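Undergrad: Under my numbering, the first residue of the sequence shown is numbered -5, with each subsequent residue one higher.
Where a beta carbon is used, it is the ideal one built from N, C-alpha and C, also for glycine.
Owing to the predicted nature of the structure, the values given are computational and were not obtained by experimental measurement.
Handing you a structure now.
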Amino acid sequence: ESGLVIEVSEADVEKVIAAYSAGGVPCISIGTASPGDSIKIFVGDATACIDEKTTVLRDVWEATSFQLEHRQRNPECVAQEEAGLKSRKSPEWKLSYTPEPTDEAIMK
-5 ESGLVIEVSE ADVEKVIAAY SAGGVPCISI GTASPGDSIK IFVGDATACI
45 DEKTTVLRDV WEATSFQLEH RQRNPECVAQ EEAGLKSRKS PEWKLSYTPE
95 PTDEAIMK
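Okay, here's the thing in structure tokens:
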């Protein structure tokens, strides 16, 4: 089945769900974004079914690709690339301007 994941402001979650529901499109809140280097996934009101560092989950995600690459490329180069992922840092995003809210007239 097709699906869509969208990110909206917490203040708008209920309005977005209501708008999709009014259009006959099922819509539920599945989570929130949070700072830090870990990922927690909850299903319903249960405890987290996934609670792990992003780097560990990325290693699991990339494992199949690296296994294929070991067969296709120089294994030493693949090992270096794989090891490099563990110490890779996210870029520091810096804006060259000060963001301002979009005028309400434009948003309607």
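(1) In this structure, does DSSP put E63 in helix, strand or coil?
(2) Which runs of the beta strand (DSSP E) fall wholly inside the stretch 22 to 91 and span at least 3 residues, in chain order?
(3) State the start and end residues of the unbroken alpha helix (DSSP H) segment that holds K9.
(4) What span of residues does the alpha helix (DSSP H) with E98 cover, start to end?
(5) Specify the secondary structure class of E1 as computed by DSSP and reduced to three states.
(6) Return yes when the Cβ of E56 is within less than 8 Å of the Cβ of L89, no when it is not.
(7) What is the rounded straight-line gap between the Cα of E8 and the Cα of Y14?
TA: Based on what the coordinates show:
(1) Along the sequence shown, read from residue 1 onward, the residue named residue 63 stands at position 69. Helix at E63.
(2) 32 to 35 and 44 to 47
(3) Working through the sequence shown from its first residue, we reach residue 9 at position 15. That run of the alpha helix (DSSP H) goes V7 to A16.
(4) Here residue 98 refers to the residue found at position 104 of the sequence shown. Residues E98 to M101.
(5) Start at 1 with the first residue of the sequence shown, and residue 1 comes out as number 7. It is coil, neither helix nor strand.
(6) Within the sequence shown, numbered from 1, the residue matching residue 89 stands at position 95. Within the sequence shown, numbered from 1, the residue matching residue 56 stands at position 62. No, the pair does not count as a contact, with Cβ atoms beyond the cut-off.
(7) Along the sequence shown, read from residue 1 onward, the residue named residue 8 stands at position 14. Along the sequence shown, read from residue 1 onward, the residue named residue 14 stands at position 20. Whole-angstrom Cα-Cα distance: 10 Å.
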